[in-house]
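The structure appears below as structure tokens.
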Amino acid sequence: MDIFFDSERFSRLYNCTSYRVDDVPFEQRQNVPVGISMLAIFFIFSSLHAICLYAMLKFVAQSSAYKVMFLMGVGHICSLFVTALLTGLFSLCGIVFCSAPSLNFFAGSTALFCWSLTTSLSVLLAFERCVEQTLPNLAKSLFQECRIWGWCLAIFAYSLYYGFFTIPLTFSGITANWQFDPHVGYLEDSSANGQNLYWNNVDAIHTIVVAVLLPSLYLLFVVMFSLKLTQIKKLPMAESKHRKSVFLQVFILSFVLTIFSINYTLLNFVPVPDLMISVNMYLWLIILSMLTNNGQKQRQLKISICEVLDQQNGQSANKLTEDSHEERSNNSRLKNHKLPIRRIRSSRAVVSLHRRWMVERVAVKPTLAMESLYQPTRSR
């Protein structure tokens, strides 16, 4: 960030007036297979990460390891926006640094920030696992409850410095990758007085430390875990499976990250073909997908989805029950309303019958009277 606002240093390192972007043909700057594959990776992995983070959210309070892994997942999603989405778009559009200097600069800084955040959290996770295996009481005093957030906050501050106050990465469509030299393919000499102008000391030291610390910590972790394996076997089945699952997922994630760190360190010191650089970039994306390919996270995701479906089904059932109760009450009201109508109808029928009877009676009486008139009177 300080380089971007230091106009003299920025113009010296990132000057685009000495060449034109079109000096390299568009066909050599565009890489359609990489672009399409990166966009597909972004949409698939970002969706899976978001769903898995939602499933993990309810388990964050259970363990400090889950807290760290949750933050790693957030860092992975942020990294996907740069290493997958922007890489895909830049590859399709044939973007180099001088095509969009400001966007390229800040995207590279964000990529370094995400790299520092996720790898540092991985080291913290390995350290926390080792301390918990060797000294459980010390682990409680260092990482229990809100103390783990203090460690994460320190890592976040360090990653901000790493990403935004050092030499950033820049993208070049010629190599379809991110590197520190912004003029790859245009200017061959990027050194002054025998020193590389774009050498990032913080990045080199950080990558070497990660490549050394992670295997060392997990070697210690494996030893301690093997020694305590007999104790774990004596635990209840559920607790034993839980501890073994946490160990396995953390070990696989950090092991792959260690391989990538060693490979990334060699790329900074040894010239390699562009294909090797692309392979390393895809390896990094595979690491980002490790969170979604975890079996325990998939089970947690299934449980969360089932809970959501059960909740929705419960709401539907409650709604159906309420509707049935309402329908029954309406029917009872209708029955109550129909009773007076029936009574009225019955009373009307009685009245009509009475009227008919009265008419018949009146009609009969005159007939009897007429008959009496025509009958011969008895002589007295």
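full-length UniProt numbering numbers the first residue of the sequence shown as 1 and each following residue consecutively.
Glycine included, C-beta positions come from ideal geometry on N, C-alpha and C.
A direct Cα-Cα distance of roughly 45 Å separates Asp6 from Lys140. Lys58 counts as exposed, since fewer than 16 other beta carbons sit within 10 angstroms of its beta carbon. Within the same chain, Tyr14, Phe97 and Thr170 come within 7 Å of Pro182 by CB-CB distance, once the 5 residues on both sides are set aside. Going by DSSP, Thr170 is part of the beta strand (DSSP E) stretching over Thr170 to Ser172.
Contact between Phe221 and Ala126 is confirmed by a C-beta separation of about 7 Å, below the 8 Å threshold.
Taken through DSSP and simplified to helix, strand or coil, Gln179 comes out as strand. Annotation for Val34: Ser91 and Ala176 place their beta carbon closer than 6 Å to its own, counting only its chain and skipping 5 residues before and after.
Per DSSP, Tyr158 is one residue of the alpha helix (DSSP H) stretching across Arg147 to Phe164. Spanning the alpha carbons of Ser122 and Ile286 requires a straight line of approximately 15 Å. In this structure, Leu117 is the residue among Leu117, Tyr198 and Ala40 with its C-alpha nearest to the C-alpha of Phe156. With a cut-off of 8 Å on Cβ pairs, the region 37-49 is not in contact with the region 128-135, counting fewer than three such pairs. In this structure, the beta-carbon distance from Leu124 to Val68 falls below 7 Å. Taking C-beta atoms as the reference points, Tyr162 and Val202 count as a pair closer than 7 Å. Counting the other CB atoms within 10 Å of its CB gives Arg20 a total below 16, which places it among the exposed residues. Counting only runs of at least 4 residues, the region 96-154 fully encloses the following alpha helix (DSSP H) elements, listed from N- to C-terminal order: 101-134 and 136-143. In the three-state reduction of the DSSP assignment, Cys16 falls in the coil class, being assigned neither a helical nor a strand state. DSSP, read as helix, strand or coil, puts Tyr282 in helix. Residues of the same chain with a CB within less than 7 Å of the CB of Phe113, apart from the 5 flanking positions on each side, are Ser159, Leu160, Tyr162, Gly163 and Phe164 in chain order. The Cβ atoms of Ala107 and Met38 do not sit closer than 7 Å to each other. Closest option to Trp149, judged by alpha-carbon separation, among Met281, Ile36 and Ser63: Ser63.
The beta carbon of Ile41 sits closer than 7 Å to those of Ala84 and Leu285, all from its chain and outside the five residues before and after it, given in chain order. With a cutoff of 7 Å on beta-carbon distance, Leu283 and Phe260 are scored as near each other. Annotation: Met224 to Tyr218 spans about 10 Å, alpha carbon to alpha carbon. Setting aside the 5 residues that flank it on each side, Thr87 is surrounded in the same chain by Met38, each with a C-beta closer than 6 Å to its C-beta; the list follows chain order. Non-local beta-carbon contacts of Gln30 in its own chain, meaning distances under 8 Å to residues more than five positions away in sequence, involve Ser91, Leu92, Cys93, Gly94 and Gly173 in chain order. DSSP places Ser63 in the coil class of the three-state scheme, outside both helix and strand. Asp2 and Asn200 have their C-alpha atoms roughly 14 Å apart.
For Gly35, the uninterrupted alpha helix (DSSP H) segment begins and ends at Val32 to Met56. Within the same chain, and ignoring the five residues on either side of Gly75 in sequence, the residues whose Cβ sits closer than 8 Å to its Cβ are Cys114, Leu117, Thr118 and Leu121. Look at Val24 here: in three-state DSSP terms it is coil, with no helix or strand label. In this structure, DSSP gives Tyr186 a state outside helix and strand, which the three-state scheme calls coil. Straight-line spacing of the CA atoms in Glu145 and Asp23 works out to 57 Å.
Ile167 counts as buried, since no fewer than 16 other beta carbons sit within 10 angstroms of its beta carbon.
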